[in-house]
Structure formats: C-alpha cells, structure tokens
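J.:
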Amino acid sequence: MENWDDLSQVQPDVYKMLKNSRLKNRIAHAYLFEGGKGTGKREASVLLAKSLFCENLSDTIIPCNSCHACRRIDSGNHPDVHLLEPDGLSLKKDQIQELQEEFSKKAVESSRKFYTIVHADKMTSQAANSLLKFLEEPHQETTAILITEQVQRILPTILSRCQVINFKPLSPGNFKNSLLNEGVTPQSASIISSLTQNLEEALELNSQEWFAQAQKIMVKLYEVLSSNSMKALLYLQEEWFSHFKEKEQIDRGLDLLYLIHKDLLYVQLDKRDQIVFKEIEKKLEHDALLISPKTLAGKMSMILDSKKRLMSNTNTQLLMEQLVLNLQEGSSFV
Ligand SMILES: [Zn+2]
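Here it is as structure tokens:
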C-alpha cells in the first residue's frame, strides 16, 4: 500500500476518515487501529506518517514516497517516527519509558512526533499504565497509533482515549491480492480466498501438503462423476476416503466440490475470469454446455445440504455415497 488510492481500494471507510482528518488538519492525538491480520493497519499508519512528514506533499496530501523523509520512514530511520513492537511475548514498561524519554527531547526534524505501537494488546499492565499517563497529557502535534487484532484485550482506560478505527475483512479480490503478495500461486490464491478471509488460516492452508492433494483429489472426483456411477463409488472407496478421513476434512472437500460447481456457473454466466479451477477450464466449458442452470443450481444446493448434514451425521460414508449418486442423477452427461 503505497498511497491513499491503495488504501481507498482496501479500506474505503478508513480512507475517507483518515484522509479527511489529514486534509482538515484534524489528526487525533491517538488512534486505535483494530481489525484482522492483513487488513492494512500497519500500512495505513505508515501512510499517515508520510502524509505528515513528506517534504514534497501534494495539495491533496499525497506523499511522494521518494524524498528523504518518506524514505527514512520506509526504512524505519526517521528520528521523529517511532515503531514499538513486543519485545518477545510482551510489550514492556521499559519500552514505553524509552519512548517517553525520546519524546521529552525536542522533535529533531520538525515540531511533530509520531509513534505506532504494534500488537498493543500485548502490553504488560505496567506498560499500559505508563502509556496511559502519556496519553492523558497529549503533547502538541504528537500522534499515537495503537494497532491490534484483539481489541477486546485493550484496557478500557486506553480505549477511551483513542479514536477507534475499524479495519474490515478484505473483499475476496483484495484478499486474493494479498495472498499473491505473500507468494501464493494464482490458482491457490483464487481457491483459498474463496474459502477463508483469514490471512493466517489462508497461509496455513497454502502450506499444507494435505490441502494441495485434496484439490487434486476433488478434481478427480468431479471428473469421475461424469462417468458411470459404479466408477464414481469405487473412486470414493479406493482413493477418496483415505484422504478425507475427519469430518473437518470432508467439509473442506465439499467446499472444493462446491467451488468446482460454482465455476460451471461462472462459465454459464460468461464470467470466466472468476473461475478458480483454471486447470480444468476446458472440461468446465464442455460440461457447462450440457447442464441446465436449474440442474446446476440443484446440484450446488445438494452439496451445501451435505455440508449441513455432515456435522450431525455419523455415517459420513453413506452421506458421501448419497451425494455422489444424487449429483449424477439427472445429469445429462451420465
Ligand atoms: Zn516524500
């Protein structure tokens, strides 16, 4: 996230709020940025810092990203911009005190100072009390940004002194982009962003050998569905169940099967850019022609129905066999 435009894409509400405050020069003394991992909180704090310190700021307060100040903020070397992170498991009183000492000196470059506390929920109670005193006597032109993924762990006394800004979960498209930035392949990023909006869970799924294999097996199951029912049931017995053992795993498998059927829908709607299982695009195009939108909708609801029944049903084998037979029934390509 380099600029306000990027922030407006990822967090439109945060963008409006921060940009307006900055334009009107009404930046609060303390903000609490709260929201899930990977929602752009830290990047927004860097952007705000640059919009306060940039030497070539445009009229619309867009930082240049290339002046001395911008570059030093990027590299963490600006004398008036500080970042505090937990030292080990917690943020300690010493760290807050060091910051206070630093702030008691005159600002080096300008009259302004800016600090960000990452994982503010990890402050020890002594650290929180020190910070509280600091927040109670707001210094002129000092801006504090507290960042947390767990707002419920922030002391109410601190919370009440901050303007709380909520960072919402990313849209699937934006979330997919952040997965691509983390080095996830395009196909996996498409599939995973359709399954979760939690970055940690997404990266965990991406690293699982089980999940990589699960995708291949579900594609194969989808392919045998278009052959005869005996073959499909045999595939379930011989290969499928040895990979999808626990209910949670079967649930994941059903998610993938649902996504494959959703791809068929995207083909029918001519929204091919939305297809997640790109590797079988040709087959999807072929199959989408052979099935009516109504039958397809019926199949998708069968899969969702199986997902619902899965958690209460103890006989997962029977559940899957029924689903396979139902999905084959009424298909014109059986
Ligand atoms: Zn600049």
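Quick note: the sequence shown uses my numbering, first residue 94, plus one each step. Heads up, the beta-carbon is just placed ideally off N, CA and C, and yes, glycines get one too. Since we're looking at a predicted model, the values are computed, not measured.
(1) Based on Cα-Cα distance, which residue from Glu341, Leu140, Leu125, Cys147 lies nearest to Val211?
(2) Taking Lys171 as the reference, which of Glu194, Arg205, Gly181, Gln188 has the closest Cα?
(3) Would the beta-carbon of Ser168 be found less than 8 Å away from any heavy atom of ligand 1?
(4) Do Val312 and Glu372 have their CB atoms nearer than 9 Å?
(5) Does ligand 1 have a heavy atom nearer than 8 Å to the CB of Glu136?
(6) When every heavy atom of ligand 1 is checked, does at least one fall within less than 8 Å of the C-beta of Asn158?
(7) When the distance is taken between beta carbons, is Ile343 closer than 9 Å to Thr409?
(8) When you compare only the Cα positions, how much space is there between Thr132 and Leu273?
(9) Whose C-beta lies closer than 7 Å to the C-beta of Val174 among residues of the same chain, with five residues either side of it excluded?
(10) Check whether the Cβ of Leu150 sits closer than 8 Å to any heavy atom of ligand 1, and report yes or no.
(11) Taking 8 Å as the line, does the beta carbon of Ala142 fall inside it for any heavy atom of ligand 1?
(12) Assuming contact is defined by CB atoms lying nearer than 9 Å, are Val417 and Leu314 in contact in what I supplied?
(13) Going along the chain, which unbroken runs of the beta strand (DSSP E) with 3 or more residues stay wholly within the stretch 147-192?
(14) Taking 8 Å as the line, does the beta carbon of Ala282 fall inside it for any heavy atom of ligand 1?
(15) Would you call the stretch 191-198 and the stretch 107-114 touching, i.e. three or more CB-CB distances under 8 Å?
(16) What does the alpha-carbon distance come out to for the pair Glu127 and Ser159?
(17) Strictly by DSSP, which residues pair up with Asn259?
(18) Could you please give the first and the last residue of the uninterrupted alpha helix (DSSP H) stretch that includes Leu239?
(19) Under the three-state reduction of DSSP, which class applies to Met216: helix, strand or coil?
(20) In angstroms with no decimal places, state the Cα-to-Cα distance between Ala162 and Asn149.
(21) Based on Cα-Cα distance, which residue from Tyr351, Lys364, Ala213 lies nearest to Met395?
(22) DSSP puts Tyr208 in a beta bridge; with which residues?
(23) Could you work out which residue in Gln361, Leu347, Leu329 is closest to Pro386 when comparing CA atoms only?
(24) Within 10 angstroms of the Cβ of Thr241, are there 16 or more other Cβ atoms? Answer buried if so, exposed if not.
(25) Could you name the residues of the same chain whose beta carbon sits closer than 8 Å to that of Lys376, not counting the 5 residues immediately before and after it, in chain order?
(26) Note down the Cα distance separating Asp380 from Met393, rounded to an integer number of angstroms.
(27) Can you have a look at Ala390 and say buried or exposed, based on whether 16 or more other CB atoms are within 10 angstroms of its CB?
(28) Take every Cβ of the stretch 285-303, pair it with every Cβ of the stretch 262-273, and state whether three or more of those distances are shorter than 8 Å.
(29) Taking only heavy atoms of ligand 1 into account, decide whether any of them is closer than 8 Å to the Cβ of Cys147.
(30) Taking the alpha helix (DSSP H) that Thr289 belongs to, which residues open and close that run?
(31) Give the secondary structure of Asn270 by DSSP, where H, G and I count as helix, E and B as strand, and everything else as coil.
T.: Let's see:
(1) Leu125
(2) In the sequence on display, residue 171 carries His and not Lys. The candidate whose alpha carbon is nearest that of His171 is Arg205.
(3) For Ser168, the shortest separation between its Cβ and any heavy atom of ligand 1 does not lie below 8 Å.
(4) yes
(5) no
(6) For ligand 1, at least one heavy atom lies less than 8 Å from the Cβ of Asn158.
(7) yes
(8) Their backbone Cα atoms lie some 14 Å apart in a straight line.
(9) Ala142, Phe146, Ile166, Phe207
(10) yes
(11) No, Cβ of Ala142 sits at least 8 Å from all heavy atoms of ligand 1.
(12) Yes. Within cutoff.
(13) Taking only runs of at least 3 residues, the beta strand (DSSP E) segments lying wholly in the stretch 147-192 are 174-177.
(14) Outside the cutoff, so no.
(15) no
(16) Inter-residue distance for Glu127 and Ser159 is about 29 Å (C-alpha atoms, whole angstroms).
(17) Glu127
(18) For Leu239, no alpha helix (DSSP H) segment is defined; the enclosing uninterrupted segment is the beta strand (DSSP E) at 235-241.
(19) DSSP places Met216 in strand when its eight states are reduced to three.
(20) Rounded to the nearest angstrom, the two C-alpha atoms are 9 Å apart.
(21) Of Tyr351, Lys364, Ala213, the residue nearest in Cα terms is Tyr351.
(22) His175, Ala237
(23) Gln361
(24) buried
(25) Counting only Cβ-Cβ distances below 8 Å, and skipping sequence neighbours, we find Glu316.
(26) 15 Å
(27) exposed
(28) yes
(29) yes
(30) Per DSSP, Thr289 is not a residue of any alpha helix (DSSP H), being assigned neither H nor E.
(31) helix
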